[in-house]
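Position in the sequence shown counted from 1, then plus 6, gives you our numbering. Backbone N, C-alpha and C fix where the C-beta goes; we use that ideal spot for every residue, glycine too. This structure is a prediction, so every number in the text was calculated from the model and none was measured.
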Amino acid sequence: MSATSASWTNAASKPCAAGKTKWNYWKLFNLAIDGITSFTTAPLRIAAFAGCFFAFVAAIYLIFIVLRTLLYGEDVPGYPSLISLILFIGGVQFTFMGILGEYVGRIYNESKGRPPYIVGESTKEKK
């Protein structure tokens, strides 16, 4: 079944038969996070790309700070270069955590034993 063959129907919701629900917003939020992270490694890939972006921006900032210091001098020596190095190292760490998470996510997906695809119907003649 593909997503294009889905359809909608109207249904009236009934009040809870057993009293009040035990699900609060925090539990619902955790369920949503589990639903997002259980079926895809996209958040891990986004983390790796974000880390690359932060490392790139920090490297550009570091080059800017070094050039500005060499050309014009700097009022507070050490602070801008320290901040840019911290940002760069944080971006690199974020990148490698995303890459490591991607590997762990792929191992997790393989351990589920799910088939790579599901056949909805076959074109072979039925016997």
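Can you round the beta-carbon distance between residue i and residue j to whole angstroms, since I take them to be within the 8 Å contact cut?
| i | j | result |
| --- | --- | --- |
| residue 51 | residue 108 | 6 Å |
Measuring CB to CB, does residue i end up less than 7 Å from residue j?
| i | j | result |
| --- | --- | --- |
| residue 64 | residue 102 | no |
| residue 73 | residue 90 | no |
| residue 105 | residue 61 | no |
| residue 47 | residue 97 | no |
| residue 86 | residue 71 | yes |
With a threshold of 16 other CB atoms inside 10 Å of the CB of residue i, please say whether the residue is buried or exposed.
| i | result |
| --- | --- |
| residue 44 | exposed |
| residue 25 | exposed |
| residue 57 | buried |
| residue 59 | exposed |
| residue 100 | buried |
Taking only the alpha-carbon atoms, compute the straight-line gap between residue i and residue j and give it to the nearest angstrom.
| i | j | result |
| --- | --- | --- |
| residue 122 | residue 114 | 14 Å |
| residue 120 | residue 15 | 30 Å |
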